[in-house]
Amino acid sequence: MVPRGQDLWQTQSPGLVNTVISMTNQIHSGVTILPTHECWDLLGGATLGRLVTSVDGRPEIFPVNYAVQRQTILFRTAEGTKLVSAAINNQVVFEVDDHNVAEGWSVIVRGTARSLRSDDEIADAERAQVLPWTSYEKSHYIRVIPEMVTGRRFQFGSLPGNG
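Residues 6 to 168, numbered by the numbering used here, are exactly what the sequence shown covers, in order.
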């Protein structure tokens, strides 16, 4: 739901994804809505995210290393894992964040997870060089095709009246 009186516009990503972004970027003191291009820049500069999906009707979260490829999220996993069965063709949420002493940010991608099966899809995914962090074989690629990308930046500071 959009707050009354808030200006909005829509942008289209290469995958014909509608993303709604506030024209007035400041939500309240210390919190700023990020434009889509900055969300993608932040996603492209990180390598660890969290995939949120449903397993047997219950929410689950999985840390995954990933790459951004043509404004999609790409990661690898082992065949037959709980993650594969939970994520494929399901609506998922993918979250990445970071912080330092002065500020933090969070980007959320909502979309559909799709298993890559064809030789061409796999060859394309391999060019992104998403390398497994463990020695365990992770030959299965999953691509999250975004439907909405949102982000916020947080400026840390004292609470009002505390100094």
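By construction, the Cβ of each residue, glycine as well, lies at the ideal position given by its N, Cα and C atoms.
None of these values were measured; they are calculated from a predicted model.
Can you find the residues in the same chain that come closer than 7 Å, C-beta to C-beta, to residue i, ignoring five residues on each side of it along the sequence?
i	result
ARG158	THR37, LEU39, GLU108 and TRP110
SER80	For the sequence presented, residue 80 should be read as Phe rather than Ser. Here the set comprises VAL69, ASN70, TYR71, VAL135 and ILE147.
TYR141	ALA83
So residue i and residue j are supposed to be a Cβ contact under 8 Å. How far apart are they, rounded?
i	j	result
ILE150	THR117	5 Å
VAL112	LEU48	6 Å
Excluding the 5 residues preceding and the 5 following residue i in the sequence, name in chain order all residues of the same chain whose CB lies nearer than 6 Å to its CB.
i	result
ARG55	ILE66, PRO68 and GLU100
Name the residue from the options whose alpha carbon lies nearest to the alpha carbon of residue i.
i	options	result
LYS143	ASP61, GLU131, GLY49 and GLU152	GLU131
ASP103	ASP129, GLN160 and GLN76	GLN160
SER123	LEU88, HIS145 and TRP138	HIS145
Going by the DSSP bridge assignment, what does residue i pair with across the sheet?
i	result
THR155	ILE113
PHE161	None; PHE161 has no bridge partner.
GLY54	VAL69
PRO40	Bridge partners of PRO40: none, in fact.
Could you name the residues of the same chain whose beta carbon sits closer than 8 Å to that of residue i, not counting the 5 residues immediately before and after it, in chain order?
i	result
VAL243	Residue 243 is absent from the structure shown; the chain starts at 6 and stops at 168.
ASN95	THR58, SER59, THR117 and ALA118
* Every unbroken alpha helix (DSSP H) inside the segment 92 to 150 [4 residues or more] -> 124 to 131
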